[in-house]
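Below you can see the structure in the form of structure tokens.
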């Protein structure tokens, strides 16, 4: 996946993102709209994570979903 974008399959992946990070709202998903930095920021905001922790979670999630997409 592109470093800045989660991918063209955001419509498919956003359901998986909401499963993983249940505190993200529909409004958050609209703001994120496939932008990796927005996803990291919203995870930080909703979960109180440091940027490094949010980045790691997103990277792990991307790896799990990249090959299955």
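Numbering (UniProt numbering), first residue to last: 1 to 69. Cβ atoms here follow ideal geometry from the backbone N, Cα and C, with glycine treated the same way. This structure is a prediction, so every number in the text was calculated from the model and none was measured.
Legend entry - Backbone secondary structure at residue 63 - three-state DSSP: helix
Legend entry - Distance, residue 37 Cα to residue 72 Cα: The first residue shown for the chain is 1 and the last is 69, placing residue 72 beyond what the model contains.
Legend entry - Rounded separation between residue 54 and residue 60 - CA only: 10 Å
Legend entry - C-beta atoms of residue 34 and residue 62 nearer than 8 Å: no
Legend entry - Local conformation of residue 23 per DSSP, three classes: coil
Legend entry - residue 70 (DSSP reduced to helix, strand or coil): Residue 70 is absent from the model: the chain starts at 1 and stops at 69.
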